[in-house]
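Here is the structure we will look at, set down as structure tokens.
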Amino acid sequence: MAAGPPVLVEIRQDEVLTGEAVALDVQPLGYFLRVVGALIDVLIAVALMLGAALLLGTLAGQGALSSATLQIALIVTLVLVTVVLPTTVETASGGRSLGKLAVGGRIVRADGGASGFRQALIRALVGVLEIYLTVGAVALLVGAFTPRSQRLGDLMAGTYSERTRAPRLPDPAPGLPAGLEGWAAVADVARLPDRLARRISQFAREASAMDPGARARLAQSLAADAAPFVAPVPAVPPEVLVRAVAAVRRDREYDALRLQDQRVAALTAGLGGVRGG
């Protein structure tokens, strides 16, 4: 049997293709948040270096350290703070540091897997150049022109910063008010103006959090605006009418989209059968 044509899968810019050819829909951390997180980490590193320098200077002033020993100790401190410490922290925490925890990000491999020691070491070594020796200029420029706000160390290590704080899901839409099932089965709800439809949907979702007086006034206004598009208009309070209209519109639009998907699937299957024949 002849093999079919190759299937082309489109991978969007915000998706990651794993080694098993599975596209993951992930959200990289934004440029501004990456800058804030890096700034927090740099400030902590600078504070540690200044604290160590003051301690070593005090010991040298008391004669506990010679001039040569002081220079060696300062160099070792710089290496520990700029390379060893970030490498250890990222490796042990799975790509997280204090700055990344603060902004809700973590370093992962380009395929979405957890970063390891090799990636952390490369990022730390390159970071000495692009963050400390250039006062962050190289990191800022490279991050501004890469799709996932990757700095030079990320490009060389094959990593990027993934967003770990998922956005809050919207509250579920309220259903049809009780007692209006029979009306919903025969009601004729015409297409509403876009602005009115948005206001009704927003009211149905957020009414419970509104001030009672403002809620009643807004419900009455929306019910009066929606009444010309509804037949028959049920004898219910304004807020119940608004909720019923929102529920009927949502359910019918969902049914229409589902029917459209079924028709497209049937048409595609029919075309496939014709080609196979």
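Take the sequence shown: its letters are residues 1 to 277, numbered as in this note's numbering. Just so it is clear, CB atoms sit at the ideal spot from N, CA and C, and this is done for glycine as well. All of these numbers come straight from a predicted model, not from anything done at the bench.
If you check the CB distance, arginine 148 and aspartate 154 come in under 9 Å. Of the residues assessed, arginine 243 falls on the buried side of the cut-off, its CB having 16 or more other CB atoms within 10 angstroms.
Between glycine 104 and the set Pro212, Asp111, Gly95, the nearest pair of CA atoms involves Gly95.
At a cut-off of 4 residues, the continuous stretches assigned as alpha helix (DSSP H) that sit fully inside the segment 24-103 are 31-61, 67-79, 85-93, 98-103. A contact is defined here as three or more CB-CB pairs under 8 Å, and the segment 70-80 fails this definition with respect to the segment 110-124.
Of the other Cβ atoms in all chains shown, 16 or more fall within 10 Å of the Cβ of phenylalanine 203; this residue is therefore buried.
Residue ranges of uninterrupted beta strand (DSSP E) with 3 or more members, entirely inside the segment 108-170 and ordered along the chain, are 159-163.
In the DSSP annotation of this structure, leucine 192 is not part of any alpha helix (DSSP H), being labelled neither H nor E. When beta bridges are read from the DSSP output, valine 230 appears opposite Val189. For phenylalanine 229 against alanine 190, the beta-carbon gap comes to about 4 Å, under 8 Å, which counts as contact. Contact check for threonine 159 against valine 108 passes: the beta carbons are separated by less than 9 Å.
When the five nearest sequence neighbours on each side are left out, the beta carbons in the same chain lying within less than 7 Å of the beta carbon of proline 177 are those of Val240, Arg243, Ala244, in order along the chain. When secondary structure is reduced to three states using DSSP, glycine 179 falls in the coil class, being assigned neither helix nor strand.
With a cut-off of 8 Å on Cβ pairs, the segment 34-49 is in contact with the segment 84-99, counting three or more such pairs. Distance from the CA atom of alanine 226 to the CA atom of glycine 270, rounded to whole angstroms, is 42 Å.
Minimum Cα-Cα distance from isoleucine 131 among the listed residues Asp261, Ala38, Arg250 corresponds to Ala38. Approximately 6 Å separates the beta-carbon atoms of alanine 187 and valine 248; this is inside 8 Å, confirming the contact. Within a 10 Å sphere around the beta-carbon of proline 28 sit 16 or more other beta-carbons, which makes this residue buried.
Restricting attention to Ala223, Ser67, Asp41, Ala52, the CA atom closest to the CA of leucine 98 is found in Asp41. DSSP lists Arg163 as the beta-bridge partner residues of glycine 105. Listed in chain order, the non-local C-beta contacts of methionine 156 below 7 Å within the same chain comprise Ile122, Val126, local neighbours out to five positions each way being set aside. With a contact defined as Cβ atoms closer than 8 Å, leucine 56 and leucine 70 qualify at about 6 Å. Serine 93 and threonine 146 have their C-alpha atoms some 25 Å from each other. Sixteen is the threshold: since fewer than 16 other Cβ atoms of the shown chains lie within 10 Å of the Cβ of alanine 185, the residue is exposed. As the crow flies, the alpha-carbon of alanine 139 is around 21 Å from that of threonine 91.
By the neighbour-count definition (other C-beta atoms within 10 Å, threshold 16), isoleucine 200 is a buried residue.
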